[in-house]
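J.: The structure follows.
There are 2 protein chains.
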Amino acid sequence: MGQELDERKLKILKAIVHNYLETGEPVGSRTISKYTDLNLSSATIRNEMSDLEDMGYIVQPHTSAGRIPSDKGYRLYVDNMMKEKEEELSEKQQEITEMKEFLTEKVEQVEELLQNTAKLLANNTNYATVVSSPRFTKRIKFIQLSLINEDKMLCVVVMEGNVIKNKIVNLSKNIDGETVLKLNILFNSTLNGMTIEEINLGTISQITGQAGEQGELVRRVLEIIAEVAGSGEDMKIFTSGATNMLKYPELSDNVHASEIINVFEEKQQLETLITSSEEGSAGTGIQVYIGNETPVQNMKDCSVVTMTYDIGDGVQGTIGIIGPKRMDYEKVVENLKTVKKQLDDAFQNNT
Amino acid sequence: MGQELDERKLKILKAIVHNYLETGEPVGSRTISKYTDLNLSSATIRNEMSDLEDMGYIVQPHTSAGRIPSDKGYRLYVDNMMKEKEEELSEKQQEITEMKEFLTEKVEQVEELLQNTAKLLANNTNYATVVSSPRFTKRIKFIQLSLINEDKMLCVVVMEGNVIKNKIVNLSKNIDGETVLKLNILFNSTLNGMTIEEINLGTISQITGQAGEQGELVRRVLEIIAEVAGSGEDMKIFTSGATNMLKYPELSDNVHASEIINVFEEKQQLETLITSSEEGSAGTGIQVYIGNETPVQNMKDCSVVTMTYDIGDGVQGTIGIIGPKRMDYEKVVENLKTVKKQLDDAFQNNT
DNA sequence: TGTTAGCACTCACTTTAATAGAGTGCTAAT
DNA sequence: ATTAGCACTCTATTAAAGTGAGTGCTAACA
């Protein structure tokens, strides 16, 4: 198990994975013999492959078929690749600017930006994509309460990054315009610039204190602000390219297709995916789930590569690419990196 | 072509459609011979079927297979069914109350309501569903402009039915809080209760006149109000049950699946579907597209049944059910009717 | 000892042929 | 006008045979 692979085995494994990524067919010893620069006969390769299989890196769909990378094999491949790509920081300048133009063109609201990002990525990669809206460790920028009629009040919260949330509150007792005005001033002077987390008991009692007679109402509004702006509860998720998944034969059969498409329809499942990937990606921000590693059972025959994008301080949103296990990991990671950069920029300039 | 069908042919056609809806297999003469109460031998049925085929109501997938309803056949069947069901107004009381509870439970915002509706319908029918948000022939209830910082203004428009729209405006020149306050009063006193259509040149010049110095800004805001609240441009569409489509063998092959799922992902295509179905459904509000009749090419092998739901005056939103051509039209229509009623109620109480 | 050539063997996939069965169309009898 | 009967057609199923990619193993080789 823990046994290290020697140089040659590694090379062969890589070749197998690589070839399989391209063709989607089990790859045999003869192919590898020609494919690599090792100058080994197929027989030797066979021996090595046999070893690799014993070690669990590759699998035979049936006797007398070529080999296919196992999840473990993919994993090794990906980890290795990552290490190599680490400092390259790929300068596909042309593609980058192209993206930049696309992304910043006429995008005024965050949601549109994210949806566009998802679409762009999906088109570029031919896989499916997920983009989550930023989690709001962000600060409150502005609060606006407005009386709509006697018993209904509109509560709008603008967060940094120009994400706007709103909700209508049913009032238990009538209040007048003057009061609303005061409340607005109160809330804005107290809460602007704060994150949800920073609103602690102290702040709350301070506010309710100042509100005097309207303490009850203030408490309700605070709840609503928390609900409206708070946590990842109603994290929005944008997807694109789900149909791309049907292009890969190993996923296009009825069972798989249903399962996968379903994930994209019930975006809730994607939420868990994103949440857990945010937790998992410590270092580079890149997280790769291969096959069964994924937290979403329906995707056990896919691979998912996610990357978090930053806005200033603190982890924020996540971009994910979902494809068959034999997806082109290199390309995917590159794409993610460039897009991440774009998003970071977009939010930087926009905040 | 124009030739009427006699009683017997009609009965046979109905039997064929009915049987095919159930089994999904071509139906042969012997089956019909037993299936109906006509007491005719298979040979006779065969002759009749041959006629029906000549008239274009049924088709043979290949020689020596049974018959399948053509689009024309389905059409006749549906039209006939509709006529019969017209005044029944089906009282599946139990199911209705069940729905009612589900729909009105904890739904505070329109969008949630519609999404729930879509989901409910999809589950009930095992087909895919589309629900469009109401088109805003509706009136403006409330407008709120707020200064976020020196050069950004938030513009929120609440429509009747508590649909909230918002947008951030970049200001060309700075204005102060006082001005914003005045603008708010101006807009609200002038525009509240109006529909977008009613805001004509007269109103506009009236407002810009009163705004004096800020005329330029006012004009921009008006544009934004129109854009934000206006027309069906950003009509929202909710869908559910897309994966249900994969359950029907005639649609689950790769080509069809891709086409269909794609429609649900790119909701834009559904927009055209909804738009044109609103135009088409004059009388009962029910519109049935069978096969090629559909305005969305990707769905040429499906049937779509849509129904508009009302809120007070004027046509509003649309609910649609999408399934295979051999969908259970009766059930679908019944479901639509009950849901329509629920939605109508929900909006009545909520406005 | 590591590498290689060679060969028998396995197993999925393809092709072909044979067969069964559902359903039709037509004809002749009722 | 209806029906029984029969030849015919065409799909779907099954079985048999053949193909080919790929393996594992052995024996020879450097």
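So the sequences go chain by chain: A and B.
The first sequence begins at 1 in our numbering and counts up one residue at a time.
The second sequence begins at 1 in our numbering and counts up one residue at a time.
Beta carbons: idealized from backbone N, C-alpha and C, even for Gly.
1) Quick check on tyrosine 127 of chain B: does DSSP put it in helix, strand or coil?
2) Can you name the residues of chain A whose CB is closer than 9 Å to the CB of serine 303 of chain B?
3) Expressed to the nearest angstrom, what Euclidean distance is found between the alpha-carbon atoms of serine 328 of chain B and glutamate 25 of chain A?
4) Under 7 Å Cβ to Cβ from threonine 97 of chain B, same chain only, skipping five residues before and after it: list those, please.
5) What residue does the alpha helix (DSSP H) around threonine 208 of chain B start on, and which one ends it?
6) Contact defined as beta carbons within less than 8 Å: I believe glutamine 206 of chain A pairs with leucine 186 of chain A. What is the distance between those atoms, to the nearest angstrom?
7) Counting along the chain, where does the beta strand (DSSP E) carrying serine 240 of chain B start and finish?
8) May I have the straight-line CA-CA distance separating leucine 89 of chain A from leucine 114 of chain A, to the nearest angstrom?
9) Check the C-beta distance from isoleucine 45 of chain B over to valine 27 of chain B and give it rounded, since I have them as a contact under 8 Å.
10) Whose Cβ in chain B lies nearer than 8 Å to the Cβ of leucine 154 of chain A?
11) Just the Cα atoms here: how many angstroms apart are arginine 401 of chain A and isoleucine 290 of chain A?
12) With a threshold of 8 Å between beta carbons, is alanine 257 of chain A in contact with chain B?
13) Is any beta-carbon of chain B found at less than 8 Å from that of asparagine 254 of chain A?
14) Using a cut-off of 7 Å between C-beta atoms, extract the partners of alanine 242 of chain B located in chain A.
15) Quick one: grab the DSSP three-state call for serine 64 of chain A.
16) For lysine 83 of chain A, which of A:Glu330, A:Asn335, A:Ser42 has the nearest alpha-carbon?
17) Could you check if glutamine 115 of chain B belongs to the surroundings of the ligand MG, using beta carbon to heavy atom distance under 7 Å?
18) Can you list, in chain order, the residues of its chain whose CB lies under 6 Å from that of lysine 340 of chain A, leaving out five sequence neighbours each side?
19) So valine 180 of chain B is in the alpha helix (DSSP H); what residue range does that whole segment cover?
20) Please list, in chain order, all residues of the same chain as asparagine 174 of chain B whose beta carbon is under 8 Å from its beta carbon, the five residues on each side excluded.
21) Could you tell me if leucine 201 of chain A is buried or exposed, where buried requires 16 or more neighbouring beta carbons within 10 angstroms of its beta carbon?
22) In terms of DSSP beta bridges, what is threonine 272 of chain A paired with?
23) Rounded to whole angstroms, what is the Cα-Cα separation between glycine 280 of chain B and isoleucine 319 of chain B?
24) For leucine 246 of chain B, which residues in chain A fall below 8 Å Cβ to Cβ?
25) If contact means a Cβ-Cβ distance below 8 Å, which residues of the segment 217-228 of chain A contact chain B?
26) Is there a Cβ of chain B sitting closer than 8 Å to that of isoleucine 321 of chain A, yes or no?
27) Can you check which of these residues, A:Asn335, A:Ile322, A:Pro69, is closest to isoleucine 274 of chain A by C-alpha distance?
28) Residues of chain B with CB closer than 7 Å to the CB of isoleucine 148 of chain A, please, in chain order.
29) Please tell me whether serine 303 of chain B and lysine 267 of chain B are closer than 8 Å, where the distance is taken between their beta carbons.
30) Can you grab the Cα-Cα spacing for the pair glutamate 53 of chain A / aspartate 6 of chain A, in whole Å?
31) Nearest-angstrom Cα distance between tyrosine 20 of chain A and valine 288 of chain A?
32) Can you find the residues in the same chain that come closer than 6 Å, C-beta to C-beta, to asparagine 184 of chain B, ignoring five residues on each side of it along the sequence?
33) For the candidate residues B:Gly241, B:Asn262, B:Leu246, B:Lys247, whose alpha-carbon lies nearest to that of leucine 121 of chain B?
T.: Once the coordinates are examined:
1) coil
2) By Cβ distance, chain A contributes nothing, its closest Cβ being about 20 Å from serine 303 of chain B, past 9 Å.
3) Inspection of the sequence shows that residue 328 of chain B is occupied by aspartate rather than by serine. Taking the straight line joining both Cα atoms gives about 42 Å.
4) Caution is warranted here: a pLDDT of 49 is assigned to threonine 97 of chain B, below 50, making its placement in the model unreliable, and no coordinate value can be reported.
5) 201-211
6) Going by Cβ atoms, the distance from glutamine 206 of chain A to leucine 186 of chain A rounds to 10 Å, so no, they are not a contact pair.
7) 237-240
8) At leucine 89 of chain A, the pLDDT of 45 sits below 50, so the modelled position is not reliable; the number obtained from the coordinates is stated separately. Approximately 23 Å, taken between the alpha carbons.
9) Rounded, the Cβ-Cβ distance is 10 Å, inconsistent with contact.
10) Phe142, Gln144, Val156, Val158, Ile164
11) Since the first residue shown for chain A is 1 and the last is 351, residue 401 of chain A is missing from the structure and cannot be characterised.
12) yes
13) Under the Cβ criterion of 8 Å, asparagine 254 of chain A is counted among the residues facing chain B.
14) Ile261, Glu265
15) coil
16) A:Glu330
17) As presented, the structure is devoid of all ligands, the ligand MG included, so that no description of it is given.
18) Met307, Tyr309
19) 177-191
20) Glu150, Asp151
21) Under this definition leucine 201 of chain A is an exposed residue.
22) Threonine 272 of chain A is not bridged to any residue.
23) 14 Å
24) By Cβ distance, chain A contributes Asn254, Ala257, Ser258, Ile261.
25) none
26) For isoleucine 321 of chain A, no Cβ of chain B is located within less than 8 Å of the residue's own Cβ.
27) A:Ile322
28) Lys141, Phe142, Val158
29) no
30) 14 Å
31) 18 Å
32) Leu145
33) B:Gly241
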